[in-house]
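See below for the structure under consideration.
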Amino acid sequence: MTRQYNIWFWISAFITTLVLIPIVTLFVNIFSADSEVWDHLVETVLTSYITNTLLVALGTVLLALIFGISTAWCVSVFNFPGRKFFSWALILPLSIPGYVAAYTYAGIFDFTSPVQTYTRDLLGIQTMNFDVMTMENIILILSVCLFPYVYIICKNSFSKQSSDMLDAARILGQSKLKSFFTIALPLARPAIVSGAVIVIMEVLNDYGAMKYYGINTFTVSICQVWFSFNDVNSAIKLSMYLMLIVLIFIVIELLFRGRAKYSSSNSSSKPLERTRLKGFQAFIIFLICFTPLLIGFIIPVIQLTAWSCQTAHKVINKAFWQLVQNSFLLAIFASAFTVLLGILLTFSVRASKNKLSKLLSKVASIGYILPGAVAAVGVIIPFIFIHNNLIQLIKGYDIMRGLIVGSFIALGFAYFVRFLVLALNPMDSTMEKVSSNIDDAARVLGASNLKTFFKINLPILKNAILGAFILIFVNVLKEIPLTIILRPFNFDTLAIKGFELAKNEQIAESANLSLIIVIAGLIPILFLNKLMTEQKG
Amino acid sequence: MLKFSKLFLIISLFSFIACNNHSKDEGNTEKVEQKEVNLYSDRHYEVDNEIFEEFTKETGIKVNIIRAKADELINRLEQEGANSPADLLITVDAGRLYRAQEKGLLQAINSEKLNNSIPNQFRNPEGYWFGLTYRARIIVYNSQKVDPATAPTYESLTNPEWQGKVLVRSSENIYNQSLLASMIATQGADKAKEWATGVVRNMARNPKGNDRDQMKSIMAGVGDVALVNSYYVANMINSDDSAQQAVGKAMGVIFPNQDDRGTHVNISGAGVTKSSPNKDHAVQLLEYLTSKDVQEKFAGANYEYPVVAGVKKSIILESWGEFKIDTVNMALLGKYNRDAIMTFNEAGWQ
């Protein structure tokens, strides 16, 4: 790659700048002086919070990797009863927000739950102390909710691997399992890492689940500093440190990856061929895929449904359907907008052939690490700056109204900043597999950059784009902190309303809304799955 | 492949149209002159919406709401400054109103109606904010294990007899913070820290869960007494779920410290913002919310206590009877909030 500053470079630079505006706005705060709150935290609770954060983050990412990679591998290389079903169903746990899963599991096993009531009756005892709300359990719950991030990206990566290398390994006498560890896994490294990074960011961003289970993490202390100590600057500073740590991890990974290339240059390679499994082996593989789906989706959905049946008469009314409509429209437009800019960025980075723009696009993905509430501040400040300064210039208030905080533009922009990484990661890891020789060939044959994009890159990226759209759609549906503070007047979403009910300790009532989020997440997953299988056939 | 490119184009087109369409909508609503009042509210109760609808019917003033945590709303108000569309800030804690007032985000309102209907202790003397309802931080106990005669006060929760038996949620909870702030205000920082440390020593487990979970844990035998908000007990007793009802009904209820300073209460209240574009409407809404018949519904639906004297309380609250209220100045809950959190951190109350 040579350094070029062509139009594509400037496009990628522009998109990156958009994302960086709120981050830079916040970053300025890092240079403010340490307040006494900061000293107080260091003296009292910070050490234990950091330990907790590391334990939960590492535990969750490890489990999520195990679930995600194993299921992706099973679905990619084996043929077993239920394979087709699992290949899309394993995405489903994503539609359940972490805090909903945490509340639900607490509800399934708490004192008033049917499980405990029944067990007590059976054993003929009055009291029974069975505590679900522990760190081990929150790790398990979060990992089954988050493993689809790893699964989607890995499955996509496995499907792009050629069978030649695996065949070679098999001919040289390696078992299927061994060739998985020596060939397939290392080849999928960029995919695995980007999946893991998303999981870590999600864990670091979780507030509701952790707080409810009484586990104090770094994010909890960020919120404490802001909300309780009323020290926005220190809170921003803390989250900037958090962001730096993740950034360092990403850079280290890139350095370690170094010059290794993950693209297969052999254009005639055939895709992986699936081995048909029967009997006991098929059963084991079935269990590997079924377990995370059971814990991460089936059980919580059954409980949510039971609660909804109890309380539907109180919750389902006209306002409820308005919420459904709001949430859907918001999620569709926000994800389309983000995915479009993501495609543009991915493509312009590639077309610019400039290392700097590649680095910038990596930096652009850190918007995801900001705790939602803090990211909102980063969006509010520049928007209010624009509003307050331009309103004096242009008296046409009608035009300006679209640009103020509490407009859909501000909200859409915030989603873009936060979720861009979800669009970039799958596209990047797909693109890395595709040798840039293909682009060059197209260019040599006289195709313009734009034509290359539509004819060559877009079809290759198809699955990654669909995946990104689903991920962002589902995430916007369940997003809370940004939406809550940036939304227009009288605008509620399912997630917000559900969260309010849960906060009000009306968990059973909030189940109705969570259930719709889950169902709403199902529809695009089913639809896109159909689209994808149709095109294969 | 063609199909996919088409889909891609359609979606692009869609989002473009949507953006355009949207700005048109904004323009239209702006041109229609409508009487309105804009709320930034931290109250999440269903009944609020019903009452606002009735208010609109009676007055023709449309009520627009954004709901979020008080701190987020205060931050937004601060950022928006003079251009903020908000008229009224509604919180569920006096401390946050005090904070907004300290930051210069509220304005003083002199309304005879409000001053006459709301008792002094529930409102700011200069009219920066007004209490609308109040709730008590009470102690519940396992009525099968604990003799009501030996029932604890806030202070005696730290006695050795309650070792390993006290259940309470985390110190992040505003109601715990305000309780400790009231102690700092009346008894001094040292006494308050001693108390927090004592409670931590007697905790049955690390704080987790919400107020309802503390009551469930009493039934599960994890501990014997818990600090909870009054309305959660009432909500459980009235739950649709028979198992929850059973837990609520099994709770013994104590309004602590009746022999000395009284039981700690906190208000849900509101203040008119400094930049309020519809100040008159905001005051009108406040007066409406503190009128006698509205108070009954406003407080009753969530089993809160009405601030206006002579308003009928919900049946459960009636059955618990009258109690002596700690009359510490509500503003002090805000003033000592910061100290309270630091004390919690130092005492190891997670």
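Chains as they are written, first to last, in this note's numbering: chain A, -5 to 531; chain B, 174 to 523. Beta carbons are placed, not taken as given, at the ideal position from N, Cα and C, and that holds for glycine. For clarity, every value in this text was computed on a predicted model and none was experimentally measured.
Strand pairing of residue i, partner residues [DSSP]
i	result
P479 (chain B)	B:T306
M376 (chain B)	B:V339
R296 (chain B)	B:F303
N402 (chain B)	B:R310
T211 (chain A)	The partner list for T211 (chain A) (beta bridge, DSSP) is empty, contrary to what the question assumes.
Distance CB(residue i)-CB(residue j) smaller than 8 Å
i	j	result
N518 (chain B)	H34 (chain A)	yes
I311 (chain B)	A407 (chain B)	no
L471 (chain A)	L287 (chain A)	no
A68 (chain A)	C217 (chain A)	Correcting the residue type first, residue 68 (chain A) is Cys in the shown sequence and not Ala. Their beta carbons are not under 8 Å apart, which means C68 (chain A) does not touch C217 (chain A) by this criterion.
S441 (chain B)	V265 (chain B)	yes
V318 (chain A)	V512 (chain A)	no
V144 (chain A)	G189 (chain A)	yes
P87 (chain A)	V50 (chain A)	no
L458 (chain B)	F295 (chain B)	no
F533 (chain A)	F74 (chain A)	The requested residue 533 (chain A) does not occur in the structure, where chain A is confined to residues -5 to 531.
H217 (chain B)	E494 (chain A)	yes
S151 (chain A)	A185 (chain A)	yes
P292 (chain B)	A520 (chain B)	no
Under 9 Å by beta carbon: chain A residues contacting residue i
i	result
D512 (chain B)	None at all; the shortest Cβ gap to chain A is about 11 Å.
M392 (chain B)	F105, T106, Q120 and T121
N451 (chain B)	Here the premise fails: no neighbours, minimum Cβ distance about 13 Å.
M515 (chain B)	V31, H34, T38 and F223
E345 (chain B)	K205, N210, V214, C217, Q218, F221 and S222
Under the three-state DSSP convention, the category residue i falls into
i	result
M394 (chain A)	Note that M394 (chain A) scores a pLDDT of 48, beneath 50, so its modelled location is shaky and nothing firm can be said.
A259 (chain B)	coil
I513 (chain A)	helix
V395 (chain B)	coil
G610 (chain A)	Because chain A is modelled from -5 through 531, residue 610 (chain A) falls outside the range shown and cannot be assessed.
E267 (chain A)	coil
N288 (chain B)	helix
K427 (chain A)	helix
N335 (chain A)	With the sequence shown as reference, residue 335 (chain A) is identified as Leu, and Asn is not the correct amino acid for it. Reduced to three states, the DSSP call for L335 (chain A) is helix.
G531 (chain A)	Residue placement at G531 (chain A) is flagged as unreliable, the pLDDT there being 42, under the threshold of 50; the coordinate-derived value follows with that caveat. Looking at G531 (chain A) - three-state DSSP - the assignment turns out to be coil, as it is neither helix nor strand.
K347 (chain A)	coil
Y314 (chain B)	strand
K204 (chain B)	Bear in mind that a pLDDT of 43 at K204 (chain B), under 50, signals an unreliable position, so the number given afterwards is only what the model happens to contain. Looking at K204 (chain B) - three-state DSSP - the assignment turns out to be helix.
G461 (chain A)	helix
L84 (chain A)	coil
I1 (chain A)	helix
T10 (chain A)	helix
N73 (chain A)	strand
T264 (chain B)	strand
V319 (chain B)	coil
V484 (chain B)	coil
7 Å Cβ cut-off: residues of chain B touching residue i
i	result
K497 (chain A)	H217
W220 (chain A)	D244
E494 (chain A)	H217 and R240
M127 (chain A)	K381 and G382
Q304 (chain A)	D413 and D414
Continuous alpha helix (DSSP H) stretch holding residue i: start and end
i	result
I164 (chain B)	Beyond the ends of chain B as shown, which are 174 and 523, falls residue 164 (chain B); an answer cannot be given.
E130 (chain A)	M129 to K154
R511 (chain B)	N510 to A520
N502 (chain B)	Counting along the chain, N502 (chain B) falls outside any alpha helix (DSSP H), and DSSP gives it neither H nor E.
N439 (chain B)	No alpha helix (DSSP H) holds N439 (chain B); the beta strand (DSSP E) holding it covers V438 to V445.
H307 (chain A)	I293 to V309
Y112 (chain A)	P108 to L117
K445 (chain A)	N443 to T446
M356 (chain B)	I347 to Q360
Enclosing beta strand (DSSP E) for residue i [first to last residue]
i	result
E209 (chain B)	E209 to S214
R240 (chain B)	K235 to R240
A281 (chain B)	Per DSSP, A281 (chain B) belongs to no beta strand (DSSP E) and is neither H nor E.
Residues that residue i contacts on chain B, provided the C-beta gap is smaller than 8 Å
i	result
V226 (chain A)	N248
N311 (chain A)	Here the premise fails: no neighbours, minimum Cβ distance about 10 Å.
Proximal residues of chain A, C-beta to C-beta of residue i below 8 Å
i	result
R385 (chain B)	E499
G397 (chain B)	Note that residue 397 (chain B) corresponds to Asp in the displayed sequence, not to Gly. Ordered by position in chain A, no residue passes the 8 Å Cβ test against D397 (chain B), which lies about 11 Å from the chain.
Chain-ordered chain B contacts of residue i [CB-CB under 9 Å]
i	result
R164 (chain A)	Correct list: empty, because the minimum Cβ distance to chain B is about 32 Å.
Beta-carbon neighbours of residue i, restricted to chain A and to distances below 7 Å
i	result
E227 (chain B)	Result: empty, since nearest Cβ-Cβ is about 15 Å, beyond 7 Å.
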